[in-house]
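Working notes, structure below.
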Amino acid sequence: MNFLIINFFLISILLLTTFYIFKTTSLISVVALTGIFTLVCAAIYVNLDAVDVAFTEAAVGSGISTILMVMAVAKLPEGKKNELLNLFPSILLSVSIVIVLLLIITNLPLLGDPNAPIHLHVTPEYIKESKSIFHIPNVVTNILASYRGFDTLGETIVIFTAGLGVIVLLTSNTLNRKTKFKKKVKK
Amino acid sequence: MGYLIHYSTIFFLFLGCFFILSGSVGLIKLPDVFSRIHAAGLIDTLGTGFIILSLIIHSGFSLLSLKLLLIPLFILFTSPISGHAISLFAHESGYKPKAKLKR
Amino acid sequence: MPKNNPDSPKTISIIVYFILLFALWFVLSGYLKTLLLFFGLISVIFVLWMSVRSKSLNYDAFPLKLLIKLPIYWIWLIKEIIKSGLTTTKIIWKGNYTPQLLKVKASQKNDTGKANYANAITLTPGTVTIEINKDTFLVHALSKELAEDLQSGEMDKLIKGLHK
Amino acid sequence: MIFFLALTILGLSILFCIYRAVKGPTPFDRILSISSIGTIMALGIAIHGFAFNRPDFVDIALMYILLNFLGTIAILKFYKMKGKKKV
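Residue numbers (my numbering), protein chains in the order written: chain W, 1 to 187; chain Y, 188 to 290; chain R, 291 to 454; chain E, 455 to 541.
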């Protein structure tokens, strides 16, 4: 019950921020509101017990995509605004996607249903064997780091890039370097 | 002893929640950007501190409580930097605070 | 750019960084198996090597004297944060804010001390350092008592003693 | 049960912060409220872990706080690149 209430609250915040992302015209506030959107998305994943997805969502969404969007906005010509010239095609596209997704949802198994197809095939073996083979208590870590090692390597590279973003942002300032260079030239 | 742990958990948890609530009320109520930074600082320091303290008391001493202790430690380093950066850039981009300079 | 200070030799601060990073790794993972500890050691050494190579380490940050005095300072800082936080909460709920701008003199000599003082001012709720000139800070305070509290110079003196 | 009550209070304060993020006259108000939302959300995740008896969630709360700081500095850097201009 509590689980459902929390989910409902988070999704209503998500809808609220989406509405205002659609409505605002200044690009920097769109970037800022997208930051809230990603944070709430990751919180929903935490609530659904998908811890690793939440990790990746927070790292990629809040770490990399914010930086990329900020850089893109900085490169735009001045005075550019979030203009919506023709609304009709985008509304048509999103409404059709929503209809397709709603049709798919009715065919999905219930959340946490033990007889769902994914819980019958490999998962029991993972839960039984992984601890005795790898001696690490966390099953998700076992699956990610050893059964699907190569897959995770790619994800880890993404997270590593987020770390590099931290270093690039926090240590050297390219703008300062340029102005210093100009001063030297003037002298 | 068990009662003491239970009630102190409740006390510190709601103290932290009270500070977070008053910080967010301050975000709405206060008049300009420079004053609102104080409210955000209230959320960052006192709200986080008391909530983490209550969770540490609840969980007892273990590796988990050390992990919890890392949260206020990181806040101690990151919160003043972001607060200072916001106020500095707001000042540089030409927003003047409502207060006048006192000699 | 981090400068090399003769007072704090490079090797000692690298050792301190190593201990801190390894402690962080251990707290976050919590494994005691030899193999995993070895992996942790390798990753810590790799990170240290990378940051020495990219020159993003600050060798000035850990003089040994400061590390000993730091816990006492933190306890004092927490007391100060709680005190000014209560004042700020009272101001927010009552609504009688009288914002103040004031200039504060910093008597610390080195950059680390000044940064520490500015951070301490910003960390206590109710006062924010806006601008830092050479040794005067432009501070925004939420009310008169908070401003007077800062101008009495207690915090300045204590942090000056910390960095001696 | 206390944890759920605390989560409700945190949700209420998140709503207040979103009001400021949406309305805020200056962009700095928006950045400020986003950093506070990040902090409150991280605390909420920590409390949520204790409420559902899964205290391992503290790791995510830790990472949230670090990434929140990173996002704040990233958006502010944009202003340094643009110089003195109101967007």
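Ideal Cβ positions, reconstructed from N, Cα and C, are used throughout, including at glycine.
The structure presented is a predicted model; accordingly, all values stated were derived computationally and were not measured.
- Residue state for Y/Leu-214 is assigned as helix, using DSSP reduced to three classes.
- Taking a Cβ-Cβ cut-off of 7 Å, Y/Phe-198 has no neighbours in chain E, whose nearest Cβ is about 10 Å from it.
- Any Cβ of chain R closer than 9 Å to the Cβ of Y/Gly-236 would place that residue at the interface, and such an atom is present.
- According to the DSSP assignment, R/Gln-441 belongs to the alpha helix (DSSP H) that extends over 434–441.
- By DSSP's assignment, R/Thr-417 forms a beta bridge with R/Ala-431.
- In this structure the stretch 3–12 of chain W touches the stretch 36–50 of chain W; the number of beta carbon pairs closer than 8 Å is three or more.
- Per DSSP, W/Val-60 lies in no alpha helix (DSSP H) and is assigned neither H nor E.
- Under the Cβ distance rule, Y/Phe-248 does not count among the residues neighbouring chain E, no pair being separated by less than 9 Å.
- For E/Val-476, there is no enclosing beta strand (DSSP E); the enclosing alpha helix (DSSP H) has its first and last residue at 456–477.
- Within chain W, the C-beta atoms nearer than 9 Å to that of E/Ala-475 come from Thr-17, Tyr-20, Ser-29, Ala-32, Leu-33, Ile-36, in chain order.
- At the C-beta level, Y/Leu-217 and Y/Ala-226 come within 9 Å of one another.
- Contact between W/Thr-34 and W/Met-69 holds, since their C-beta atoms are separated by about 7 Å, short of 8 Å.
- The stretch 18–32 of chain W makes contact with the stretch 522–532 of chain E: 3 or more CB pairs, one atom from each, lie closer than 8 Å.
- CA-CA distance, Y/Leu-251 to W/Asp-151, rounds to 29 Å.
- Within the stretch 375–397 of chain R, Gly-375, Leu-376, Thr-378, Thr-379, Ile-381, Ile-382, Trp-383, Gly-385, Tyr-387, Thr-388, Pro-389, Gln-390, Leu-391, Leu-392, Lys-393 place their CB atoms closer than 9 Å to a CB of chain Y, listed in sequence order.
- When the Cα atoms are used, Y/Tyr-190 and W/Leu-27 turn out to be separated by approximately 53 Å.
- Residue pairing for R/Thr-426: DSSP places it in a beta bridge opposite R/Lys-395.
- R/Trp-315 is classed as buried because its beta carbon has at least 16 other beta carbons within 10 Å across all chains shown.
- The beta carbon of Y/Ile-268 sits closer than 9 Å to some beta carbon of chain R.
- Taking a C-beta distance under 9 Å as the contact criterion, W/Ala-162 and E/Leu-486 do not qualify as a contact pair.
- Put simply, the CB of W/Leu-110 is far from chain E, with every gap to its CB atoms at 9 Å or more.
- It is roughly 10 Å from the alpha-carbon of R/Thr-414 to the alpha-carbon of Y/Ser-266.
- Between the alpha carbons of Y/Ile-224 and R/Asn-386 lies a distance of about 17 Å.
- Using a Cβ-Cβ cut-off of 9 Å, Y/Leu-253 counts as an interface residue toward chain R, since at least one Cβ of chain R sits closer than that to its own.
- If you draw a straight line from the Cα of R/Asn-400 to the Cα of E/Gly-498, it is about 40 Å long.
- At a cut-off of 9 Å between beta-carbon atoms, W/Ala-58 makes contact with chain E.
- In this structure, Y/Ile-268 lies away from Y/Thr-235, with their beta-carbon atoms at least 9 Å apart.
- When 8 Å is used as the limit between beta carbons, E/Ile-485 is near these residues of chain Y: Ile-273, in chain order.
- Those residues of the stretch 61–76 of chain W placed with their C-beta closer than 7 Å to a C-beta in chain E are Ser-62, Gly-63, Thr-66, Ile-67, Val-70, Val-73, Ala-74, ordered along the chain.
- When Cβ-Cβ separations below 9 Å define contact, Y/Ile-224 makes contact with chain R.
- Taking a Cβ-Cβ threshold of 8 Å, the residues of chain W close to E/Leu-461 are Ile-6, in chain order.
- When 7 Å is used as the limit between beta carbons, W/Leu-39 is near these residues of chain E: Ile-491, Gly-492, Met-495, in chain order.
- At a cut-off of 9 Å, the C-beta of Y/Leu-242 has no neighbouring C-beta in chain R.
- Residues of chain Y whose Cβ lies closer than 9 Å to the Cβ of E/Leu-521 do not exist; the shortest such Cβ separation is about 10 Å.
- Listed along the chain, the chain Y residues whose CB falls inside 8 Å of the CB of E/Ala-500 are Ile-238, Ile-239, Leu-242, Leu-255, Ile-258.
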